[in-house]
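See structure below.
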Amino acid sequence: MKLSVSLYSCHPLIADGKMDIYQVMEFFKECGVEYVELVDMYVGDGDLPKIKEFLDKNGMRVSSYSASNEFVLGSEEERQKSIAHLRECCDVARYFGTDIVRVFAGNMDAEGTLQYDDCVEKIVDGFRQCIKTAEEKGVYFCLENHGVLAGRPEQVKYILDAVGSPNLKATADTGNFNIVGADPYEAVRLLLDDIGHVHFKDMVEVADGGWVSPQGKHFLGCGIGGGVVELERIVALLKENGYDGYISIEYEAPERECLAAVKKSIAYTKGLIG
(Lines of atoms letter the chains of each structure in order from A; the text may use other names.)
(Lines give C-alpha, C1' and ligand atoms only; values in the text may rest on other atoms or scores of the structure.)
Protein backbone atom coordinates (compact mmCIF):
# COMPACT_ATOMS: atom_id res chain seq x y z
CA MET A 1 0.00 0.00 0.00
CA LYS A 2 1.13 3.52 -0.75
CA LEU A 3 0.25 6.62 1.25
CA SER A 4 -1.28 9.55 -0.60
CA VAL A 5 -2.95 12.77 0.53
CA SER A 6 -5.69 14.58 -1.34
CA LEU A 7 -5.42 18.31 -1.89
CA TYR A 8 -8.99 18.41 -0.60
CA SER A 9 -7.62 17.69 2.87
CA CYS A 10 -6.64 21.37 3.00
CA HIS A 11 -9.72 22.68 1.21
CA PRO A 12 -10.63 25.26 3.90
CA LEU A 13 -7.22 26.91 3.61
CA ILE A 14 -7.33 26.86 -0.20
CA ALA A 15 -10.90 28.19 -0.26
CA ASP A 16 -10.05 30.97 2.19
CA GLY A 17 -7.05 31.99 0.07
CA LYS A 18 -4.58 31.26 2.88
CA MET A 19 -2.67 28.64 0.86
CA ASP A 20 -2.41 27.76 -2.81
CA ILE A 21 -1.99 24.20 -4.05
CA TYR A 22 1.78 24.57 -4.31
CA GLN A 23 2.02 25.57 -0.65
CA VAL A 24 -0.23 22.64 0.24
CA MET A 25 1.96 20.21 -1.69
CA GLU A 26 5.05 21.69 -0.06
CA PHE A 27 3.40 21.05 3.30
CA PHE A 28 2.68 17.45 2.29
CA LYS A 29 6.33 17.03 1.31
CA GLU A 30 7.45 18.35 4.71
CA CYS A 31 5.24 15.65 6.25
CA GLY A 32 7.10 12.99 4.26
CA VAL A 33 4.41 12.47 1.63
CA GLU A 34 5.47 11.42 -1.88
CA TYR A 35 2.08 10.92 -3.54
CA VAL A 36 -0.59 13.59 -3.90
CA GLU A 37 -4.15 13.31 -5.14
CA LEU A 38 -4.94 16.21 -7.44
CA VAL A 39 -8.50 17.58 -7.60
CA ASP A 40 -9.94 19.10 -10.75
CA MET A 41 -11.55 22.06 -8.98
CA TYR A 42 -8.07 23.40 -8.17
CA VAL A 43 -6.53 22.75 -11.58
CA GLY A 44 -7.02 25.05 -14.56
CA ASP A 45 -6.21 24.14 -18.15
CA GLY A 46 -3.04 26.21 -18.14
CA ASP A 47 -1.81 24.88 -14.78
CA LEU A 48 -0.71 21.41 -15.87
CA PRO A 49 2.91 22.18 -16.89
CA LYS A 50 3.51 24.27 -13.77
CA ILE A 51 2.14 21.55 -11.48
CA LYS A 52 4.19 18.87 -13.22
CA GLU A 53 7.33 21.00 -12.93
CA PHE A 54 6.68 21.47 -9.21
CA LEU A 55 6.14 17.75 -8.65
CA ASP A 56 9.24 16.75 -10.61
CA LYS A 57 11.38 19.32 -8.82
CA ASN A 58 10.22 18.10 -5.41
CA GLY A 59 10.35 14.37 -6.09
CA MET A 60 6.58 13.99 -5.75
CA ARG A 61 4.14 12.01 -7.85
CA VAL A 62 0.42 11.98 -8.54
CA SER A 63 -1.55 9.06 -7.12
CA SER A 64 -4.88 9.92 -8.71
CA TYR A 65 -6.86 12.69 -10.35
CA SER A 66 -10.21 13.49 -8.75
CA ALA A 67 -12.90 14.56 -11.18
CA SER A 68 -16.18 16.30 -10.39
CA ASN A 69 -18.91 14.99 -12.67
CA GLU A 70 -22.71 15.13 -12.48
CA PHE A 71 -24.70 12.55 -14.47
CA VAL A 72 -28.16 13.26 -13.01
CA LEU A 73 -28.96 16.91 -12.31
CA GLY A 74 -29.05 19.68 -14.88
CA SER A 75 -29.81 19.74 -18.58
CA GLU A 76 -28.77 17.12 -21.12
CA GLU A 77 -26.21 19.61 -22.42
CA GLU A 78 -24.68 19.88 -18.94
CA ARG A 79 -24.71 16.10 -18.61
CA GLN A 80 -22.84 15.75 -21.89
CA LYS A 81 -20.28 18.26 -20.61
CA SER A 82 -19.69 16.00 -17.60
CA ILE A 83 -19.22 13.02 -19.89
CA ALA A 84 -16.75 14.99 -22.03
CA HIS A 85 -14.98 16.15 -18.87
CA LEU A 86 -14.30 12.57 -17.78
CA ARG A 87 -12.87 11.79 -21.20
CA GLU A 88 -10.55 14.79 -20.84
CA CYS A 89 -9.59 13.70 -17.31
CA CYS A 90 -8.18 10.49 -18.79
CA ASP A 91 -5.62 12.60 -20.65
CA VAL A 92 -4.86 14.69 -17.56
CA ALA A 93 -4.30 11.56 -15.47
CA ARG A 94 -1.95 10.12 -18.07
CA TYR A 95 -0.11 13.43 -18.31
CA PHE A 96 0.68 13.12 -14.60
CA GLY A 97 1.59 9.44 -14.83
CA THR A 98 -1.40 7.94 -13.02
CA ASP A 99 -4.10 5.58 -14.24
CA ILE A 100 -6.70 6.48 -11.60
CA VAL A 101 -9.50 9.01 -12.02
CA ARG A 102 -11.83 9.33 -9.04
CA VAL A 103 -15.40 9.85 -10.28
CA PHE A 104 -18.86 10.53 -8.88
CA ALA A 105 -22.26 9.23 -9.96
CA GLY A 106 -24.60 12.17 -9.54
CA ASN A 107 -26.96 13.71 -7.04
CA MET A 108 -30.62 13.53 -6.12
CA ASP A 109 -32.48 16.84 -6.39
CA ALA A 110 -32.87 18.75 -3.11
CA GLU A 111 -36.62 18.11 -3.06
CA GLY A 112 -36.17 14.39 -3.63
CA THR A 113 -38.70 14.34 -6.46
CA LEU A 114 -36.62 12.33 -8.94
CA GLN A 115 -37.20 8.60 -9.28
CA TYR A 116 -34.26 6.52 -8.07
CA ASP A 117 -34.38 4.06 -10.98
CA ASP A 118 -34.38 6.90 -13.51
CA CYS A 119 -31.35 8.46 -11.82
CA VAL A 120 -29.42 5.19 -11.84
CA GLU A 121 -30.25 4.69 -15.52
CA LYS A 122 -28.71 8.10 -16.26
CA ILE A 123 -25.62 7.24 -14.21
CA VAL A 124 -25.06 3.92 -15.96
CA ASP A 125 -25.63 5.50 -19.36
CA GLY A 126 -23.20 8.31 -18.54
CA PHE A 127 -20.41 5.89 -17.72
CA ARG A 128 -21.16 3.76 -20.76
CA GLN A 129 -20.68 6.84 -22.95
CA CYS A 130 -17.17 7.56 -21.68
CA ILE A 131 -15.78 4.26 -20.39
CA LYS A 132 -14.37 3.32 -23.81
CA THR A 133 -12.01 6.31 -23.57
CA ALA A 134 -10.79 5.02 -20.21
CA GLU A 135 -10.29 1.55 -21.66
CA GLU A 136 -8.36 2.87 -24.66
CA LYS A 137 -6.08 5.02 -22.51
CA GLY A 138 -5.54 2.44 -19.77
CA VAL A 139 -7.28 4.53 -17.13
CA TYR A 140 -9.56 3.33 -14.33
CA PHE A 141 -12.60 5.37 -13.34
CA CYS A 142 -12.98 4.72 -9.60
CA LEU A 143 -16.51 5.49 -8.43
CA GLU A 144 -16.68 7.00 -4.96
CA ASN A 145 -19.46 6.03 -2.57
CA HIS A 146 -21.04 9.45 -2.21
CA GLY A 147 -24.55 10.77 -1.75
CA VAL A 148 -27.99 9.20 -1.91
CA LEU A 149 -27.66 7.57 -5.32
CA ALA A 150 -24.30 5.81 -4.90
CA GLY A 151 -23.49 6.09 -1.21
CA ARG A 152 -24.18 2.52 -0.16
CA PRO A 153 -21.90 -0.35 -1.22
CA GLU A 154 -24.68 -2.27 -2.96
CA GLN A 155 -25.51 0.85 -5.02
CA VAL A 156 -21.90 1.20 -6.12
CA LYS A 157 -21.69 -2.49 -6.97
CA TYR A 158 -24.89 -2.35 -9.01
CA ILE A 159 -23.54 0.53 -11.12
CA LEU A 160 -20.21 -1.24 -11.68
CA ASP A 161 -21.92 -4.46 -12.73
CA ALA A 162 -24.41 -2.66 -14.97
CA VAL A 163 -21.67 -0.79 -16.84
CA GLY A 164 -19.70 -4.02 -17.08
CA SER A 165 -16.22 -2.69 -17.75
CA PRO A 166 -13.01 -3.72 -15.96
CA ASN A 167 -12.03 -0.04 -16.14
CA LEU A 168 -14.82 1.05 -13.81
CA LYS A 169 -13.87 0.26 -10.23
CA ALA A 170 -14.73 1.58 -6.77
CA THR A 171 -13.19 4.29 -4.65
CA ALA A 172 -13.96 3.10 -1.14
CA ASP A 173 -14.41 6.22 1.00
CA THR A 174 -14.21 4.90 4.55
CA GLY A 175 -16.02 7.88 6.08
CA ASN A 176 -18.89 8.35 3.65
CA PHE A 177 -20.46 4.99 4.46
CA ASN A 178 -21.52 6.19 7.92
CA ILE A 179 -23.53 9.04 6.42
CA VAL A 180 -25.80 6.65 4.52
CA GLY A 181 -26.15 4.23 7.43
CA ALA A 182 -23.76 1.55 6.15
CA ASP A 183 -21.12 -0.10 8.30
CA PRO A 184 -17.74 0.93 6.79
CA TYR A 185 -16.00 -2.39 7.42
CA GLU A 186 -18.84 -4.46 5.97
CA ALA A 187 -19.15 -2.05 3.05
CA VAL A 188 -15.47 -2.42 2.17
CA ARG A 189 -15.83 -6.19 2.48
CA LEU A 190 -18.71 -6.18 0.00
CA LEU A 191 -16.73 -4.10 -2.52
CA LEU A 192 -13.41 -5.80 -1.84
CA ASP A 193 -12.82 -7.28 -5.29
CA ASP A 194 -13.88 -4.05 -7.05
CA ILE A 195 -11.75 -1.54 -5.12
CA GLY A 196 -9.24 0.37 -7.21
CA HIS A 197 -8.73 3.33 -4.89
CA VAL A 198 -9.28 4.19 -1.23
CA HIS A 199 -10.21 7.49 0.37
CA PHE A 200 -9.10 7.31 3.99
CA LYS A 201 -11.53 9.31 6.08
CA ASP A 202 -12.76 9.18 9.66
CA MET A 203 -15.97 10.35 11.31
CA VAL A 204 -17.02 11.17 14.83
CA GLU A 205 -20.59 10.83 16.06
CA VAL A 206 -22.02 14.05 17.55
CA ALA A 207 -25.24 15.02 19.29
CA ASP A 208 -26.40 17.48 16.65
CA GLY A 209 -25.44 19.05 13.33
CA GLY A 210 -23.21 17.58 10.65
CA TRP A 211 -24.41 14.86 8.29
CA VAL A 212 -27.46 12.88 9.40
CA SER A 213 -27.73 9.17 8.60
CA PRO A 214 -31.06 7.45 7.80
CA GLN A 215 -30.96 6.14 11.38
CA GLY A 216 -30.85 9.72 12.71
CA LYS A 217 -27.21 9.63 13.79
CA HIS A 218 -25.15 12.80 13.34
CA PHE A 219 -21.59 12.66 11.99
CA LEU A 220 -18.75 15.10 11.49
CA GLY A 221 -15.39 14.49 9.88
CA CYS A 222 -12.39 14.30 12.19
CA GLY A 223 -8.69 13.49 12.25
CA ILE A 224 -7.78 10.06 10.91
CA GLY A 225 -7.83 7.61 13.80
CA GLY A 226 -9.88 9.83 16.08
CA GLY A 227 -13.35 8.68 15.12
CA VAL A 228 -15.66 5.69 14.94
CA VAL A 229 -14.50 4.15 11.64
CA GLU A 230 -12.66 0.87 12.22
CA LEU A 231 -9.70 1.88 10.08
CA GLU A 232 -7.30 -0.70 11.48
CA ARG A 233 -9.69 -3.53 10.62
CA ILE A 234 -10.30 -2.09 7.16
CA VAL A 235 -6.57 -1.86 6.41
CA ALA A 236 -6.09 -5.44 7.61
CA LEU A 237 -8.94 -6.59 5.36
CA LEU A 238 -7.46 -4.80 2.35
CA LYS A 239 -4.04 -6.32 3.02
CA GLU A 240 -5.52 -9.81 3.34
CA ASN A 241 -7.14 -9.37 -0.06
CA GLY A 242 -3.87 -8.26 -1.66
CA TYR A 243 -4.76 -4.60 -2.17
CA ASP A 244 -1.50 -2.75 -2.84
CA GLY A 245 -2.87 0.52 -4.21
CA TYR A 246 -3.13 3.97 -2.71
CA ILE A 247 -4.54 4.85 0.67
CA SER A 248 -5.36 8.48 0.01
CA ILE A 249 -6.12 10.62 3.04
CA GLU A 250 -9.12 12.89 2.53
CA TYR A 251 -9.30 14.84 5.75
CA GLU A 252 -12.71 16.50 6.01
CA ALA A 253 -13.51 18.24 9.28
CA PRO A 254 -15.26 21.52 10.10
CA GLU A 255 -12.30 23.57 11.34
CA ARG A 256 -10.76 26.07 8.92
CA GLU A 257 -7.22 25.76 10.36
CA CYS A 258 -6.45 22.15 9.60
CA LEU A 259 -2.68 21.74 9.12
CA ALA A 260 -1.99 20.23 12.53
CA ALA A 261 -4.81 17.72 12.14
CA VAL A 262 -3.71 16.77 8.62
CA LYS A 263 -0.13 16.28 9.80
CA LYS A 264 -1.33 14.07 12.65
CA SER A 265 -3.54 12.11 10.24
CA ILE A 266 -0.56 11.49 7.96
CA ALA A 267 1.54 10.20 10.85
CA TYR A 268 -1.26 7.91 12.04
CA THR A 269 -1.86 6.47 8.57
CA LYS A 270 1.84 5.86 7.98
CA GLY A 271 1.96 3.83 11.16
CA LEU A 272 -1.12 1.87 10.16
CA ILE A 273 -0.22 0.85 6.62
CA GLY A 274 3.50 0.35 7.32
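For what it's worth, full-length UniProt numbering labels the leading residue of the sequence shown as 1, then goes sequentially. Where a beta carbon is used, it is the ideal one built from N, C-alpha and C, also for glycine.
Helix, strand or coil for residue i? Go by DSSP, reduced to three states.
i: Ile-224; result: coil
i: Tyr-246; result: strand
i: Thr-171; result: strand
i: Val-204; result: strand
i: Glu-30; result: helix
i: Tyr-35; result: strand
Going straight from the alpha carbon of residue i to that of residue j, what length do you get?
i: Gly-32; j: Glu-77; result: 43 Å
i: Val-5; j: Cys-119; result: 31 Å
i: Gly-175; j: Val-206; result: 14 Å
i: Met-25; j: Arg-102; result: 19 Å
i: Lys-52; j: Lys-217; result: 42 Å
i: Arg-79; j: Arg-128; result: 13 Å
i: Ala-15; j: Pro-254; result: 13 Å
If residue i sits next to residue j, beta carbons under 8 Å apart, how far is it from one beta carbon to the other, in whole angstroms?
i: Ser-66; j: Leu-38; result: 7 Å
i: Val-139; j: Asp-99; result: 5 Å
Relative to the alpha-carbon of residue i, which residue among the options has its alpha-carbon at the smallest distance?
i: Val-235; options: Tyr-185, Cys-130 and Tyr-22; result: Tyr-185
i: Tyr-251; options: Tyr-268, Glu-240 and Gly-245; result: Tyr-268
i: Glu-144; options: Gln-115, Lys-52, Phe-96 and Lys-201; result: Lys-201
i: Pro-214; options: Lys-263, Gly-97, Ile-179 and Ile-14; result: Ile-179
i: His-61; options: Ser-248, Val-156 and Val-228; result: Residue identity check: residue 61 is Arg in the sequence provided, not His. Ranking Ser-248, Val-156 and Val-228 by Cα distance to Arg-61 puts Ser-248 first.
Do residue i and residue j have their C-beta atoms within less than 9 Å of each other?
i: Tyr-158; j: Ile-195; result: no
i: Ala-172; j: His-197; result: yes
i: Lys-50; j: Tyr-246; result: no
i: Leu-259; j: Leu-13; result: yes
i: Arg-152; j: Ala-187; result: yes
i: Ala-84; j: Ile-123; result: no
With a threshold of 8 Å, establish whether the CB of residue i neighbours any heavy atom of the ligand SAH.
i: Lys-29; result: Inclusion of the ligand SAH in the displayed structure is not the case, the ligand content being empty and no account of it being possible.
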